[in-house]
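Protein sequences appear in the order of chains A and B. According to my numbering, the first sequence is numbered sequentially starting from 1. According to my numbering, the second sequence is numbered sequentially starting from 491. Glycine included, every Cβ here is placed at the ideal spot set by N, Cα and C. In this text the structure is predicted, and so the values were computed from the model without any measurement. These notes concern the structure reproduced below.
There are 2 protein chains.
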Amino acid sequence: MAGSRHALPVTRSEDFSGWYQAVITGADLAENSTIRGCMVIKPYGFAVWELMQKILDDKFKEHGHVNAYFPMFIPIDLFEKEAEHVAGFAKEMAIVTHHRVEQIDGKLVPSSPLEIPLAVRPTSELIIGESMARWITSYRDLPLLINQWCNVVRWEMRTRMFLRTTEFLWQEGHTAHETEEEARAEATLMHDVYRWFICDVLKMFGIPGEKPAYDKFAGAVDTYTIESMMQDGKALQSATSHYLGQNFSKAVNMVFQDRDGNLRNAYTTSWGISTRIIGGLIMSHSDDDGLNLPSAVAPYHVVIVPIIRDQAARSDVMEYCESIKSELRHTTRVLVDNKDAPPQNKKWDYVRKGVPLILEIGQKEVDNDVVCVTRRTTLAKESMGRSEFISSIHDLIAQHDTTLQQRCEESCKRRVNDSVKTIDEMVEFFETHGGGFVKAKFDPSVTDVSVLDKIAVSVRCIPTRQSHTSGKCIITGADTDVDAIFAKSY
Amino acid sequence: MAGSRHALPVTRSEDFSGWYQAVITGADLAENSTIRGCMVIKPYGFAVWELMQKILDDKFKEHGHVNAYFPMFIPIDLFEKEAEHVAGFAKEMAIVTHHRVEQIDGKLVPSSPLEIPLAVRPTSELIIGESMARWITSYRDLPLLINQWCNVVRWEMRTRMFLRTTEFLWQEGHTAHETEEEARAEATLMHDVYRWFICDVLKMFGIPGEKPAYDKFAGAVDTYTIESMMQDGKALQSATSHYLGQNFSKAVNMVFQDRDGNLRNAYTTSWGISTRIIGGLIMSHSDDDGLNLPSAVAPYHVVIVPIIRDQAARSDVMEYCESIKSELRHTTRVLVDNKDAPPQNKKWDYVRKGVPLILEIGQKEVDNDVVCVTRRTTLAKESMGRSEFISSIHDLIAQHDTTLQQRCEESCKRRVNDSVKTIDEMVEFFETHGGGFVKAKFDPSVTDVSVLDKIAVSVRCIPTRQSHTSGKCIITGADTDVDAIFAKSY
């Protein structure tokens with residue numbers, strides 16, 4: 001469809017970043033606001049987020065987590081308690097310093113300064129930890145499994161819709177455990193929940209693994225990540241799970257009486273996924289005609305566009321459309337679009353919105369008891385018996401999901417290279433291919449990665465699944481059997 | 491139960507405000523945080539809020555509203571556009587002035603000042619209006635029906651959990667319409683949705699009506715409210731719906747081309763309900779033994795407490811408990827509490843948490859195929875055949891709801907007085923009864939209510955249902971047929 005008047009104004013190959021914006025605009029997902037770095041998530045984009053929330057929330061609850069809500073404001077002196085943590089966030093915190101405004105010469109200015117300024121939460125380990133420390137007195141209170149859905153703020157200098165915004169929405173899980181072993185098991189479990197969500201639900205490509213020491217979450221002992229590959233070959237950190245050891249527990253004095261009557265610090269974890277994943281979803285599956293959505297997070301599985309050529313046919317066509325809807329509505333999300341607009345425009349609106357199956361229904365379809373269905377993945381248009389369509393709806397949706405997943409996985413896997421052995425070869429690889437993942441040997445104790453910084457590449461993760469072959473670290477040349485993933489990233 | 495070791499440490503009649511705190515603590519709903527005026531909503535309290543959210547969200551969507559998300563930060567100069575609005579909120583806004591912190595002599599201090607300070611939203615008419623103005627070009631784009639679930643901040647000097655906190659959670663609906671008539675109909679519709687939620691779902695007492703001119707929302711043309719009566723006779727404004735006319739539409743230049751091709755300003759509404767309603771719920775139904783919850787928002791309808799007198803009986807009792815649970819779980823929210831704690835303590839925990847039906851199951855119940863059930867509303871304990879209990883579960887829950895509603899309604903109605911005719915009589919009424927509602931004549935054009943301020947009474951609303959009898963305004967003595975509700979309030 002590229003080049004037709006319906007495709008997006010720009011293709012992936014012409015300008016990937018312009019294309020990304022065009023997909024968002026074309027699908028009406030979000031827009032920039034007048035506030036620097038903050039976006040507006042429009043109703044269609046928010047519907048995708050609501051579906052994601054429901055799937056994750058149900059899964060968290062299945063695993064025994066309960067939701068709660070903690071203050072958004074954190075007194076800045078609380079950050080002084082965890083040195084690594086504050087070092088990681090100091091440069092990007094919005095700070096509240098006053099609690100009213102006054103009109104002076106017709107202009108509003110802040111007044112009533114606060115004694116202790118308040119940070120708007122960039123993450124909540126300290127403030128939630130402080131509450132948990134009050135709630136825990138004995139091993140009987142453990143594990144404590146808390147989750148929070150909320151907004152957070154990290155002041156960003158260069159922002160991009162969904163991927164990097166000053167304010168964003170996320171969930172943050174915070175748990176406390178009796179032993180290191182249990183806390184580690186929790187961090188691993190939630191890492192796997194995210195792998196399931198990203199790879200199995202969203203049909204994205206993702207490599208689960210551990211972050212290298214130099215790129216852990218500020219204050220964590222270990223950080224686990226899912227590294228997804230976008231269509232330009234860059235990596236996107238899709239979700240992270242942290243084993244925090246006793247670092248935060250000590251900072252907030254989270255102490256409990258253990259089974260032997262001794263006082264000990266609890267072991268904690270935290271884990272989160274944000275609206276950033278919507279950006280990852282867009283860059284995984286969309287094409288030059290717009291968004292593509294896996295069925296689990298598609299606000300509509302089927303949209304029916306009535307085509308009324310003459311007004312006499314209107315009631316016939318509308319009745320036929322509504323009857324299809326009523327047969328589908330209990331098992332799928334279906335919409336009849338009866339807005340007053342040209343049907344061709346409507347069809348292409350839903351192509352850009354990534355609706356899996358789009359039906360065009362006119363008098364001809366009514367007369368022949370058929371539907372004209374366009375599959376979003378291929379844009380192939382076919383005529384199908386009405387009852388056949390209805391009885392095979394689940395297969396059609398499953399085929400849609402399979403197509404998305406296979407297309408994404410095949411194209412990503414082709415771009416994972418495991419023959420690069422030196423930094424020079426890595427430079428050449430990225431110069432030739434632009435993006436892609438390099439799987440090479442890496443000594444995980446390395447912290448000086450300036451040689452990678454120079455070529456704007458980073459260690460994305462040490463994959464959970466290791467080859468256990470021996471080799472030499474691509475940076476230091478030291479013997480190591482550890483595989484790591486190297487890539488350019490968002 | 492008052493006086494027993496299980497009742498709350500303080501009764502309603504001894505100290506209403508202390509009792510309110512004790513109900514919250516006893517049910518583990520929430521706690522104060524270390525941040526001034528901010529509370530932590532604990533898992534049990536948040537579960538109540540989640541149930542409320544789901545009920546309201548479904549209802550809003552039924553009426554065609556869609557959710558979206560807008561920036562939390564509002565540049566303070568945007569407030570300059572609506573004079574009344576800023577006057578209403580200027581004294582209670584948290585202001586972000588810096589976007590990083592720096593460590594100086596080991597202490598963190600704000601750095602990198604912003605050019606234009608940002609208010610943390612106290613409400614979002616202006617920021618959402620600005621987006622809507624971009625989205626609307628023609629009458630075809632109307633009505634635009636948006637809702638947002640989020641946190642808001644109003645800096646409060648005197649705070650009280652749920653009722654008045656610096657940060658709170660709410661939903662705010664914002665809609666734009668072609669005509670005044672349609673916008674007024676929307677404000678009225680949502681007013682009625684709130685009446686349904688508060689009176690029919692939450693079983694609270696509420697008088698729907700309009701706010702007097704002097705107490706409208708800052709910037710509104712008309713404000714509609716539900717005024718609930720608490721057990722101390724004070725009024726709580728439970729939810730409000732505003733007809734905003736073209737005030738905000740003009741402030742943000744929300745213009746559309748009408749059916750005749752002319753440019754016109756849209757008419758807007760806004761409406762909201764917050765976590766404050768949980769405070770209202772507590773003060774409507776709870777008693778000296780703790781919380782009482784209507785079934786719609788009770789995290790558990792039934793809790794089963796196993797009573798294991800000797801370990802040999804454990805598996806019998808547990809199996810019996812689990813079998814009851816599995817028969818109930820598809821239609822009710824049911825928990826078997828198998829924690830390691832004394833059964834009597836557990837039972838009283840669930841009394842304080844307001845669980846409608848509490849079962850105590852020991853060997854005797856197993857042997858006789860019965861259940862021992864305590865109804866939360868009466869604390870009456872009775873033995874009932876197991877299958878009878880299961881088959882009548884819906885009736886038992888319905889009886890619970892009916893009892894709560896009748897008890898609340900009867901006690902509130904008794905405290906609505908319509909024989910007070912003068913301010914002196916009003917003074918005497920409140921001196922004698924402490925609280926209660928006075929229904930008296932009021933000239934709605936009155937704005938000087940200093941005579942009421944002196945006795946800490948306010949006009950709560952002009953009820954939607956009017957008697958249309960003639961009389962004299964209780965403040966000015968002028969002829970009027972308008973009834974109003976006067977009360978002390980939260």
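- Membership of Cys640 (chain B) in the beta strand (DSSP E) is indicated by the continuous run 634-643.
- Along the segment 650-677 of chain B, the positions whose C-beta sits under 7 Å from a C-beta of chain A are Glu657, Leu659, read in chain order.
- For secondary structure counted as the alpha helix (DSSP H) over 4 or more consecutive residues, the segment 267-336 of chain A holds these complete runs in sequence order: 276-285, 314-328.
- Asp690 (chain B) and Val152 (chain A) have their C-alpha atoms roughly 36 Å apart.
- The alpha-carbon of Ala398 (chain A) is positioned some 10 Å away from that of Gln405 (chain A).
- Classified as buried, Pro208 (chain A) has 16 or more neighbouring CB atoms from the shown chains inside 10 Å of its CB.
- The Cβ atoms of Ile198 (chain A) and Ser228 (chain A) lie closer than 9 Å to each other.
- Within the DSSP bridge table, the entry for Cys372 (chain A) names A:Glu360, A:Ser383 as partners.
- When the Cα atoms are used, Pro565 (chain B) and Gly106 (chain A) turn out to be separated by approximately 15 Å.
- A direct Cα-Cα distance of roughly 50 Å separates Ser387 (chain A) from Ile462 (chain A).
- Excluding residues up to 5 positions away in sequence, Phe256, Gln257 lie with their Cβ nearer than 8 Å to the Cβ of Ser138 (chain A) in the same chain.
- Here Val48 (chain A) carries a helix assignment [DSSP, helix/strand/coil].
- The C-beta of Gln736 (chain B) comes no closer than 9 Å to any C-beta of chain A.
- With contacts defined by Cβ atoms closer than 9 Å, Asn782 (chain B) and Gly844 (chain B) form a contacting pair.
- Identification of chain B residues near Ala90 (chain A) by a Cβ-Cβ cut-off of 8 Å yields Arg590, Val591, Glu592, Gln593, Leu598, ordered along the chain.
- For Arg819 (chain B), the closest Cβ of chain A is not nearer than 9 Å.
- The alpha-carbon separation between Asp369 (chain A) and Ile361 (chain A) amounts to approximately 10 Å.
- Boundaries of the alpha helix (DSSP H) around Arg624 (chain B): 615-625.
- Residue-level contact by beta carbon holds for Met39 (chain A) and chain B, with a gap shorter than 9 Å.
- For Met773 (chain B) and Arg904 (chain B), the gap between their C-alpha atoms comes out near 17 Å.
- The criterion of a C-beta distance shorter than 9 Å is satisfied by Val939 (chain B) and Pro702 (chain B).
- For Asp750 (chain B), no chain A residue has a C-beta closer than 9 Å to its own C-beta; the minimum C-beta separation is roughly 17 Å.
- Contact between Ile308 (chain A) and Lys325 (chain A) does not hold, since their C-beta atoms are separated by about 16 Å, which reaches or exceeds 8 Å.
- The CB of Ala94 (chain A) comes closer than 7 Å to the CB of Val586, His589 in chain B, given here in chain order.
- Of the residues assessed, Ala677 (chain B) falls on the buried side of the cut-off, its CB having 16 or more other CB atoms within 10 angstroms.
- Close partners of Trp155 (chain A) in chain B (Cβ separation under 9 Å): His589, Arg590, Ser602.
- As the crow flies, the alpha-carbon of Ser960 (chain B) is around 27 Å from that of Arg674 (chain B).
- Per DSSP, reduced to three states, the secondary structure at Leu598 (chain B) is strand.
- By the neighbour-count criterion, in which 16 or more other beta carbons inside 10 Å mark a residue as buried, Val109 (chain A) falls on the exposed side.
- Contacts with chain A at 9 Å (Cβ-Cβ) do not include Lys944 (chain B).
- Excluding the 5 residues flanking it on each side, Ser602 (chain B) has same chain C-beta neighbours closer than 6 Å at His588, His589, Arg590, in chain order.
- Taking 8 Å as the upper bound for CB-CB distance, Arg276 (chain A) and Leu142 (chain A) are not in contact here, some 31 Å apart.
- Among the residues facing chain A, Lys836 (chain B) is not included, as its CB has no counterpart in that chain under 9 Å away.
- Contact residues of the segment 345-365 of chain A toward chain B are absent (C-beta to C-beta distance below 9 Å).
- Pro789 (chain B) and Lys532 (chain B) have their C-alpha atoms some 13 Å from each other.
- Taking a Cβ-Cβ cut-off of 7 Å, the neighbours of Met72 (chain A) in chain B comprise Asn641, Glu657, given in sequence order.
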